[in-house]
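Presented below is the structure to which this report refers.
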Amino acid sequence: MPPMSKVAVVVAVLILAAPAVAAERMTIVSREAFACTNWAAWREYGQASLRASGARASKACPIRLTARTRAVVVDEDAGAGATEIRYRGKAWFVDNQRLK
Numbered sequence: 030m031p032p033m034s035k036v037a038v039v040v041a042v043l044i045l046a047a048p049a050v051a052a053e054r055m056t057i058v059s060r061e062a063f064a065c066t067n068w069a070a071w072r073e074y075g076q077a078s079l080r081a082s083g084a085r086a087s088k089a090c091p092i093r094l095t096a097r098t099r100a101v102v103v104d105e106d107a108g109a110g111a112t113e114i115r116y117r118g119k120a121w122f123v124d125n126q127r128l129k
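Under the working numbering, residues 30 to 129 are what the sequence shown spells out, in order.
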């Protein structure tokens with residue numbers, strides 16, 4: 030193989046192996062929202078909030094994001110109305126209707 034084609038193969042492999050870099054999209058929390066560490070906990074918390082006793086904070090949903098909090102969107106459609114965001118270096122799942 031000529032040296033130039035080896036370089037082309039190496040470059041092609043590096044391009045394909047590199048993770049896709051998506052443009053970060055900032056979002057702002059429009060109303061107070063609970064944040065959960067995973068989608069299943071987010072879904073369970075949402076279902077519990079519909080009961081008369083309401084939902085309570087747990088290890089899986091430890092924080093509430095106040096209005097006007099800024100975060101980076103990781104996955105806009107995480108499923109069933111959830112959005113995955115990055116806030117203070119951690120990934121959280123929040124209700125997408127509470128984001129601008």
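The beta carbon of each residue, even a glycine, is placed where N, CA and C say it ideally should be.
A check of alpha carbon separations from Val102 across Ser87, Ala120, Phe63 identifies Ala120 as the nearest.
In this structure, the alpha-carbon of Arg80 lies about 22 Å from that of Leu94. In this structure, Tyr74 sits away from Ala64, with a CB-CB distance that is not shorter than 7 Å. About 6 Å separates the beta carbon of Arg127 from that of Ser59, a gap short enough to meet the 8 Å contact definition. Non-local C-beta neighbours of Tyr116 in its own chain, meaning closer than 6 Å and more than five positions away in sequence, comprise Ala100, ordered along the chain. DSSP places Glu105 within a strand segment (E or B) once states are collapsed to three. Looking at the backbone, the Cα of Thr66 and that of Ile114 are separated by about 10 Å. In this model, Ala107 and Ala77 are separated by some 19 Å (Cα to Cα). In the three-state scheme derived from DSSP, where H, G and I count as helix and E and B as strand, Glu61 is classed as coil. In the DSSP assignment, Glu53 falls outside any alpha helix (DSSP H) and carries neither an H nor an E.
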